[in-house]
Amino acid sequence: MKIPTLNDNPFLTPVEWAGLALLCALIFCVFPLVLDGFRLNLVGKYLTYAFVALGLVICWGTCGILSLGQGVFFGLGGYCMAMYLKLEASSVENTKIQSTPGIPDFMDWNQITALPWFWTPFKSLPLTLVAVVLVPTLFAFVIGAAMFKRRVGGTYFAIITQAIAAILTILIIGQQGYTGGINGITDLRTLHGWDIRTDSAKSVLYFVNGGLLVACVLIAQYVKRSKLGRILVAMRDKEDRVRFSGYGVASFKIFAFCLAAAFAAVGGAMFTLQVGFMSPSFVGIVPSIEMVIYAAVGGRLSLFGAIYGTLLVNWAKTTFSESFPELWLFGLGALFIAVVLAFPDGLAGIWRQHVAPRLTRRAKAAAPAALPQGAPAE
């Protein structure tokens, strides 16, 4: 009988190393060489959604917590970055025609004569970078502590996160003088004096986005391969047994939920930088459900599958909405139903259950033929 060792649970298996290499090749070599600037920027926007899908793999796939409000954290991270960019674009020189120079234009339109106190920290880039991760994570901690300490989970938790997404959207739209309202925060120009509107800047941001995504993949993989990851899987399958074993189930759930929120927030900040605005249309129920579909199509148990699912769904959305804009939402709904009924483990499940076994059988069948005559077959 073989005794299990630490080597039996490697950080990345050979297949996963190959998957990581393929992902890096696509992001950093193939897409930049094949696509023009406009399409490459579109792919960069798609990759910002992949951060949310990665978080859902940890939160939903590994831990079993279905959140239908991840757009909240994506939007909070995006708004934090947009606030810094808007303040930089609202210098006294740029806003001298306003009745109150030095504040964002939408504040001046709403007769606000001084910068609100909660905007002041976003004059500093270091504080903004901290806030991009800290604000959504703290918000997720408050929600998680309030829900998981009371053992609220399953469908009830999913509905509550949906309600939070709807409430935050209404709040952002209603407080137009402080948030930009339904139009959001627009006309973002520079990042610490660097013009982010040029094609070269968008290319640089694309590669930064890809690097951060790969870093998040490695962090998520570390969590999945660690003892913590095994506890999260055990909670997903047999929560009561884990609780009776003495583990604080609520604390582990809060951690998974906060990690998913942090990933989504980084994606939201990169979205703001690449696209050049942030609005409440990325915070509400519909975008949050779309983000769940990204993870479901790719495979909620697979980090790489979630990224490919995000790219596939968004590419299909762009392609079909250009030709059949009135039918895209029906197609999206049909896609989600097909995933649930036909291949519940997504693209990763199709690969793992159907494609990989065939490749393995073919490789084993070809192995004896490849040996030289007289060589022993192991």
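Each residue of the sequence shown is one higher than the one before, starting from 124 at the first, in the working numbering. Built from N, CA and C at the ideal position, the CB exists for glycine as well.
Got a sec, what are the start and stop residues for the alpha helix (DSSP H) residue i sits in?
| i | result |
| --- | --- |
| K376 | V372 to V398 |
| F436 | The question names Phe, but residue 436 is Val in the sequence shown. Here the alpha helix (DSSP H) through V436 covers L426 to S446. |
| Q221 | Premise fails: Q221 is in no alpha helix (DSSP H) and is neither H nor E. |
| I354 | K350 to D360 |
| E413 | I408 to G421 |
| R475 | Taken as a continuous stretch (DSSP letters only), R475 belongs to no alpha helix (DSSP H), as it is neither H nor E. |
| D228 | D228 to W232 |
| G454 | W451 to L464 |
| L165 | G160 to L179 |
| C147 | P137 to A148 |
| C186 | Taken as a continuous stretch (DSSP letters only), C186 belongs to no alpha helix (DSSP H), as it is neither H nor E. |
| V195 | Q193 to A212 |
| V157 | F154 to V157 |
Is the beta carbon of residue i sitting closer than 8 Å to the one on residue j?
| i | j | result |
| --- | --- | --- |
| L434 | M393 | no |
| I430 | L146 | yes |
| R348 | F134 | yes |
| Q397 | K325 | yes |
| L355 | A373 | no |
| L189 | I412 | no |
| L165 | T395 | no |
| F313 | A212 | At residue 313 the sequence reads Thr, which differs from the Phe that was named. Yes, the Cβ-Cβ distance between T313 and A212 is below 8 Å. |
| A343 | I181 | yes |
| L470 | V340 | no |
| P244 | A254 | yes |
| N233 | G300 | yes |
| C186 | M414 | no |
| I296 | I308 | no |
| F264 | I377 | yes |
| F443 | G454 | yes |
| L311 | G399 | yes |
| A416 | F447 | Correcting the residue type first, residue 416 is Ile in the shown sequence and not Ala. Contact: no. |
| F143 | N332 | According to the sequence displayed, residue 143 carries Leu and not Phe. No, they are not a contact pair. |
| G201 | M401 | yes |
| L88 | W183 | Nothing in the structure corresponds to residue 88, since the chain is present only between 124 and 501. |
| S277 | C381 | Note on identity: in this sequence residue 277 is Gly, with Ser being the wrong assignment. Result no, Cβ atoms of G277 and C381 do not sit closer than 8 Å. |
| A303 | F229 | In the sequence as displayed, the identity of residue 303 is Gly instead of Ala. Yes. Within cutoff. |
| Y172 | G428 | no |
| D322 | G456 | no |
At a Cβ threshold of 8 Å, is residue i touching chain C?
| i | result |
| --- | --- |
| S425 | Annotation note: the requested chain C is absent from the structure, which comprises a single protein chain. |
Using the DSSP secondary-structure output, state which residues sit across from residue i in a beta bridge.
| i | result |
| --- | --- |
| M401 | I308 |
Is it the case that the stretch 398-411 contacts the stretch 180-200, given that we only count it when at least three CB pairs across the two stretches are under 8 Å?
yes
Beta strand (DSSP E) runs contained entirely in the stretch 296-339, provided each spans 3 or more residues
none
Which ranges does the alpha helix (DSSP H) cover as unbroken runs of at least 4 residues, wholly within the stretch 235-296, from first to last along the chain?
248-271
Do the stretch 240-254 and the stretch 364-371 make contact, defined as three or more Cβ pairs closer than 8 Å?
no
For the stretch 382-396 against the stretch 257-265, are there 3 or more C-beta pairs whose distance is under 8 Å?
yes
Count the C-beta pairs between the stretch 409-425 and the stretch 174-182 that are closer than 8 Å, then say yes if the count reaches three, no if not.
yes
Contact between the stretch 282-300 and the stretch 206-223 (3+ Cβ pairs under 8 Å)
no
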